[in-house]
Each structure stands twice: as C-alpha cells, then as structure tokens.
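Here is the structure we will look at.
2 protein chains.
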Amino acid sequence: MEELAEAPTRPHRKQKRLGRGTLTKELIVEAALRILDEGNVNALTFARLGKELGASPTAMYRHFSSRDEIETAVADELIRISLDGYEPLESWMDSLRDLAYRAWHTFSDHPAAAMHTFYRVTLGPHEVRAVDAILEAVHRAGWQGREAVFQYQMYSNLVLALSGRNAAMLAAAAAAGADSGNFWVQEYRPARPQDFPYVSAHHDELRIKDGFEVFSGQVEAMLAAMKAALPAAS
Amino acid sequence: MEELAEAPTRPHRKQKRLGRGTLTKELIVEAALRILDEGNVNALTFARLGKELGASPTAMYRHFSSRDEIETAVADELIRISLDGYEPLESWMDSLRDLAYRAWHTFSDHPAAAMHTFYRVTLGPHEVRAVDAILEAVHRAGWQGREAVFQYQMYSNLVLALSGRNAAMLAAAAAAGADSGNFWVQEYRPARPQDFPYVSAHHDELRIKDGFEVFSGQVEAMLAAMKAALPAAS
DNA sequence: TAAATTAGTGAATGTTGTTGACTATAGCGT
DNA sequence: ACGCTATAGTCAACAACATTCACTAATTTA
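Chains as they are written, first to last, in the working numbering: chain E, 1 to 234; chain L, 235 to 468.
As structure tokens, this is what we get:
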C-alpha cells in the first residue's frame, strides 16, 4: 500500500505546484533516460515521467509536442553520451574503431533507449557532431566527396545495425525478465530432429557467448575492407 | 437451418457469432501480417484483428495468450516467407548470398513485421529451418563444430542486423507519412556550419540513395572474409 | 504594483491489452 | 436423432495509455 506522494517523515517533499522554470527539455530527457534504463522499452510514459519529476504528466507537453519527440531527444542524448570526451586518434582506423566501440558500449549500457535510437535520424546537435567526426576520419583516410560519403554510410550503417540489434536483444531479454546469465541461450529442440540434422548436431554449441566478440570481428573486417579499398595515394 | 445460404451478392454477411472452428492460429497470423503491412508498427491491435477477421477482439486469446505471442508467430511467418522455395545452390557462397538477399527483400516488403522479427528468437518451426539451412552451407564450406557455429553467428547476425535496421527505417518513414521517394534524405543544416566542416561540405551528398547497394557490398565483404578464413583443406 | 505571459495542472476522451463470466456451437457417445 | 460436454467466441469491465482543453497561478515586464 503505497501512499501516493505522501512522505510524512520528510516534511517539505510535497509541493502544491511546481515553480515556473522548474522543467526544462534537458531535465525531461535525463529523466526519460533514467526511466528507460530501469524499465523496459515501453516504460517511458507520461505518467512515469510526471512521477519521476514530481510534476503533472501533462506538463511535458509544454516542452515536447509528443512522445515521439521525447524519444528523438533521448536518442540524441544517447549520441551525446557516446561521443563524450571523444578526440580523433592518430590513425583514422583507430578513430573509427574507437567510435564504433563507443556506440556499442553506450547501446549496451542503455538498451531500451538504444531501441529508440539505432534507426532514427534525430537531426539533433549531437548527431551532427557524430556525422562530422566520422567524415573527418574518412577524409583523413584519403576519401573525398561522394566516395567519402559512401564510406561513411557503410561504416555507420554497420555499427548502428549491429549495436542496435544487440541492444534490442538485451532489451527484449530484460523485458522477459530473464536473468542476465543465460538470456542469449537459444534452445533449439526441433520436433523431428532428423529433419534438421545440422541444428541437432550443434544443439549444445548454439549459444551466443559473447556478442562483443562477434561485433569486434565484424568491425575489424570492415576496417580491413576499407583499407583495401583505399584510393591510390597512401 | 439452411438460412446460411442467403445473400450471395454480399460475400461475408455480418453474422451474429462466428462458427466454432472459424479462427485458427494460421488465419490470425495472416491477418496480423496484412494489418502490419498496410499500417505501421503499432497498427497490430486486438481490435484491428477482430475487425479484419470479423470476430470479437478477445477471440484471439483462445489461440494466443498475449500480443507478444502473436508478434512472435508473425516473426516466424516472416521467416517462412523468406525461405519459401529455397534450395541450396551449388556453391556455399551462393547459398548464403541467396539467403541474405531473401531476408533483405522479405524485410523490405514487410517493414513493420520485420521490426518484430529482426531481434527475436521465435524458436518456431521456420526459424529452425533457417538455422539449419545456414549451418548446412557453412558445413559445405568446410567448417565443423564450434567453428561452424561461430561462422553461423557472424553471418546471421550481420544479415538480420542490416536488414532489420533498413526495415526499421522504412517503417519509421511510413509511420511519419513520408512519401517513399525521399524518406532517407537527411537534411543536415547545422546552426554553426563552421563547427562542422565535413557535414557542411557534404551537405548535398549526405543522402542514402540505395540501401541495398550498401547491404550487398557488406554481404560480399563478409563472404570474402569467410572464404579467406576457411580452414586448410579445400 | 498591476498586467500579461505562459508553465504547470486536472479533468475528460478515446484507445489500448488483458481478465473473467457468460453463451452458443461442434462433435461426441448413446 | 438426442442430449452432454468441452471450449471457441463474446461481452462487459478495468486499469493504463497518449493527447486535448480549459483553467490557474508563478514569473516577467511595464
């Protein structure tokens, strides 16, 4: 029996009405990310935001015009976190690897928020920073113009897709309430094993042990392919 | 009562109550896929399913215990469609390429359903078929045991992630009501262009023209990397 | 200090997923 | 043919949801 907002032991916790400048876009986005981090993908509701901020649910509409707009802002915030403290490394390959790992780990740390991020175009300030950082490394490698943009697309598409799917699987597992120890175990036990000889033969090995290992290998393959496709001058 | 034969001009006349064996898992899944295809990702509701099948919304609960279970069944159906008519080709690389393109095109044709598919483990009959088909090709290439499973993971992870993100972008664009001609245009116009020189310089080229071209290139790179990593005996 | 903005509120609306009690129907045994 | 029974389909109810609108009071400003 939880009394709503009644904290008698803590006197001035409860206020009749919030002051005028209390809520800001930034505060709401931070609260939204907190909510997504502790709940699942659908945990981000206006009611929950209101509780988190001690405000009326509808107060959010003074700063965002819809739930979708909040999600987009959270996506840009996730990019900000991912980029925090980034500086180009000496080698362009190291720079791109660093950026890739940053995306992976940020998405892994915030899987629910990542599900709103990986396919979105936020057009926000931090997304622009990310695009610029990648293009900078691609230019340093030796590409220009159209070619540079193509390489940028290959790279960012791969990183966002792989990191995004990993986050989606993490979020789904969390929503299903699985304990984090065994959630990526796939138990393939076909009804007629003789019809699926390969699945049956590998039953015990069909478990993804470490998603990052696969990701890392794919990033290396991509970087190697980029290096091999580099234009003449080196 | 022979009254059932009335009103032949109007095919499905409104009936008070549906007959007993009218609804099946298969019919519901097909209806669900139809609904997802013409609406967006959130279009799949019990009310909409009821309307589509001329039944009560709650009738679905006699065949599925939750919305999530229906989505999982739709995911497996999507895999079935993707695999329809597949036969292993002579070369293992051709087989894997074929399977990859099938996934891409199926996801592109059903973007909303794909968003429920790309990160899920359905454990359904068709998913098992898909896993078996991939493992078959990997074995034919020359891998066995643990190594074979690792190659399977690299491959399927890449294909599902890339196809899934593409579908997610298509679905988001459709939900936003964009016409399919220009939805992947990213208009980066930073507030202070001098702070983002590379984005500004490539403003006109920062548009993804053909997602499949990028995908195809990445699949080829992966197949080449696999071939290069092949164990000794050939 | 009075007026004007406008951020925050609360009530209301129409959907949503899900539950539980009800009811008619198909298929069974006789 | 007849009733019995299991259960597929239905209906009403509920809590949670996004969103709208009119209202109210806190801050800014004149």
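Backbone N, C-alpha and C define an ideal beta-carbon position, used for all residues, glycine too. Quantities reported herein were computed from a predicted structural model and do not represent experimental measurements.
- The residue from L:R296, L:E311, L:V372 with its alpha-carbon nearest to that of L:D328 is L:V372.
- The C-beta distance from L:V275 to L:M388 rounds to 28 angstroms, too long to meet the 8 angstroms contact threshold.
- With respect to the C-alpha of L:D271, the residue from L:S450, L:T256, L:Q428, L:V308 having the closest C-alpha is L:V308.
- Counting other Cβ atoms within 10 Å of its Cβ, E:P190 reaches 16 or more and is therefore classed as buried.
- Between L:R282 and L:I269, the CB-CB gap stays under 9 angstroms.
- Using a Cβ-Cβ distance cut-off of 8 angstroms, the stretch 190-206 of chain E and the stretch 134-150 of chain E are not in contact, since fewer than three pairs of beta carbons, one from each stretch, lie closer than that value.
- Every alpha helix (DSSP H) of 4 residues or more that sits fully in the stretch 242-314 of chain L is shown, in chain order, as 259-272, 280-287.
- For chain L, the residues of the stretch 115-131 of chain E that bring a beta carbon within less than 9 angstroms of one of its beta carbons are M115, F118, Y119, R120, V121, L123, P125, E127, V128, R129, V131, in chain order.
- Ranked by Cα distance from L:L369, the first of L:F384, L:H360, L:G358 is L:F384.
- Annotated three-state conformation of E:R129 is helix, per DSSP.
- Ranked by how close their Cα comes to the Cα of L:A364, the residues E:D109, E:Y198, E:A228 have E:Y198 in first place.
- For E:F212, the number of other beta carbons within 10 angstroms of its own is below 16, and it is reported as exposed.
- Here the C-alpha atom of E:P125 lies approximately 57 angstroms from the C-alpha atom of L:R254.
- DSSP places E:R192 outside both helix and strand once states are collapsed to three, so it counts as coil.
- Taking the CA atoms as reference points, E:V121 sits about 16 angstroms from E:F107.
- Boundaries for E:G177: no alpha helix (DSSP H) harbours it, and the DSSP string shows neither H nor E there.
- For L:Q420, the nearest beta carbon of chain E is closer than 9 angstroms to its own beta carbon.
- Across the structure, L:S397 and E:T22 are spaced so that their CA atoms are roughly 43 angstroms apart.
- Looking at the backbone, the Cα of L:M460 and that of E:I79 are separated by about 32 angstroms.
- In the three-state DSSP reduction, E:R97 falls in the helix class (H, G or I).
- Against chain E, the CB of L:R399 has a partner CB under 9 angstroms away; the residue lies at that interface.
- Contact annotation: L:A382 and L:P322 have beta-carbon atoms that are not nearer than 9 angstroms.
- Between L:T279 and the set L:S325, L:A266, L:L457, the nearest pair of CA atoms involves L:A266.
- It is roughly 30 angstroms from the alpha-carbon of E:F215 to the alpha-carbon of L:D318.
- A direct Cα-Cα distance of roughly 16 angstroms separates L:G411 from E:S66.
- A direct Cα-to-Cα measurement between L:I304 and L:E311 gives close to 10 angstroms.
- In chain order, Y432 make up the part of chain L whose C-beta sits under 7 angstroms from the C-beta of E:E136.
- E:M93 has a beta carbon lying at 9 angstroms or more from every beta carbon in chain L.
- Residue pairing by DSSP places E:R102 opposite no residue, since no beta bridge is assigned to it.
- Straight through space, the alpha carbons of L:Q420 and L:A406 are spaced by roughly 14 angstroms.
- Just measuring C-alpha positions, the residue of E:R62, E:S156, E:A112 sitting nearest E:A103 is E:S156.
- At the C-beta level, E:F118 and E:R165 come within 9 angstroms of one another.
- Under the three-state reduction of DSSP output, L:R354 falls in the coil class, being neither helix nor strand.
- Comparing C-alpha distances from L:V453 to each of E:S56, E:L158, E:A229 shows the shortest one belongs to E:L158.
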